[in-house]
Amino acid sequence: MMKQAAFFLALAASSASALELSPDNFAAETDGKSVLLKFFAPWCGHCKKLKPDWDKLMADFEGSATQLVADVDCTAGGKDLCDANGVRGYPTIKWGDPSDLQDYQGGRTYDDLKKFAEENLKPMCSVKNIDLCDDAKKADIKKYQDMSAEDLDAAIATEEKKLEDAEAEFKAEVQQLQESYSALSTEKDEKIAAVKNSGLGLMKAVKNSKPAGGSDEL
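Those letters in the sequence shown? Residues -18 to -1, 1 to 200, per mature numbering (1 follows the signal peptide of the UniProt record, and there is no 0), in order.
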């Protein structure tokens, strides 16, 4: 009973410490940090499977001034963050600079995630850590800082439009592939039906009915 009670207390503590990000707290919670974020939906089976290890990982990095492991619920307060980061499936894990998140491609066991976080969640080049940037990145940051708010908004809109166009082009090409596949599949089925109707089945039946040796003579 004591072990069972300890388990539930640990579970409650883990749940209590779990941090969920939304547009309201994103900037404050991620400021100056490298992040590892899980974008999820509560009904997702893979998300449920990952949750115990992820909650343990969040607890490992809780309170860090430079590292953050957190959740983003795409069905609740974090929906706008999921949309802004192009999340299409669950769970999606992204990492890095909060303003330039990258897709995580590694393993999803606790050990895999812990090793990755320890090796990669370090202070990195960003607007907050400009001293860590190379000259080219510093020049880019300065260029954007010198732009007016209106010009910066326009530049962002232009680049976001490129992302939208790329997504639309991808979907259109996939639709064409699906239509081509459907047409080819129908054509194949028609050819197979024509071959069967040509007498192939009867030919095989006659062949199988012939005595061994290939002769009908008695």
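Ideal Cβ positions, reconstructed from N, Cα and C, are used throughout, including at glycine.
Alpha carbon to alpha carbon, what distance is there between residue j and residue i?
| i | j | result |
| --- | --- | --- |
| GLU100 | PRO73 | 21 Å |
| ILE123 | ASP94 | 33 Å |
| GLN158 | LEU166 | 12 Å |
| ASP35 | ALA41 | 10 Å |
| ASN111 | HIS28 | 35 Å |
| GLU155 | LEU145 | 15 Å |
| GLU2 | ILE75 | 14 Å |
| ASP13 | SER4 | 14 Å |
| LYS104 | SER46 | 11 Å |
| ASP65 | SER164 | 31 Å |
| TRP25 | ASP133 | 41 Å |
| GLN(-15) | LYS31 | Only weak support is given to the placement of GLN(-15): the predicted model assigns it a pLDDT of 48, under 50, and the value that follows is read from those uncertain coordinates. Straight-line Cα distance between these residues: approximately 21 Å. |
| MET(-17) | ASN102 | The predicted position of MET(-17) is uncertain, since its pLDDT is 45 and thus under 50; a value taken from the coordinates is nonetheless stated next. Approximately 38 Å between the Cα atoms of the pair. |
| GLU169 | GLU141 | 42 Å |
| GLU149 | ASP135 | 21 Å |
| LEU184 | VAL69 | 55 Å |
| VAL188 | GLN160 | 41 Å |
| LYS33 | ASN179 | 56 Å |
| residue 253 | VAL177 | In this structure the chain extends from -18 to 200, so residue 253 is not present and cannot be described. |
| ASN67 | ASP113 | 26 Å |
| ASP171 | VAL17 | 52 Å |
| LYS153 | ASP147 | 10 Å |
| SER162 | LYS143 | 28 Å |
Rounded to the nearest angstrom, how far is the Cβ of residue i from that of residue j, given a contact under 8 Å?
| i | j | result |
| --- | --- | --- |
| GLY78 | GLN84 | 5 Å |
| THR48 | LYS15 | 6 Å |
| LEU39 | TYR92 | 6 Å |
Residues in the same chain with beta-carbon distance under 7 Å from residue i, minus the five sequence neighbours each way, listed in chain order, please.
| i | result |
| --- | --- |
| ILE174 | none |
| PHE43 | GLN49, LEU50, VAL51, ALA99 |
| ALA(-1) | ASP37, MET40, ASP53 |
| VAL109 | ILE123 |
| ARG90 | LEU32 |
| GLY71 | none |
May I ask whether a heavy atom of the ligand NAD can be found less than 7 Å away from the beta carbon of residue i?
| i | result |
| --- | --- |
| GLU146 | No copy of the ligand NAD appears in this structure; indeed no ligand is present at all. |
By Cβ distance below 6 Å, which residues in the same chain neighbour residue i in space, the five residues on each side in sequence not counted?
| i | result |
| --- | --- |
| ASP55 | GLU2 |
| SER81 | none |
| CYS107 | LEU114, CYS115, LYS119 |
For a cutoff of 8 Å on Cβ pairs, would you count residue i as touching chain C?
| i | result |
| --- | --- |
| SER167 | Note that chain C does not occur in the displayed structure, where there is just one protein chain. |
Using C-beta distances below 8 Å, list every residue in its chain close to residue i, excluding the 5 sequence neighbours before and after it, in chain order.
| i | result |
| --- | --- |
| MET129 | ALA137 |
State whether the stretch 20 to 40 contacts the stretch 116 to 124, with contact taken as three or more CB pairs (one from each stretch) at a distance under 8 Å.
no
When the Cβ atoms of the stretch 5 to 15 are set against those of the stretch 50 to 64, are three or more pairs found closer than 8 Å?
yes
Pick out the complete alpha helix (DSSP H) segments inside the stretch 82 to 164, 4 residues or longer, and give them in chain order.
92 to 102, 117 to 128
What are the start and end residues of each continuous beta strand (DSSP E) run of 3 or more residues lying completely inside the stretch 42 to 82, in chain order?
49 to 55, 74 to 79
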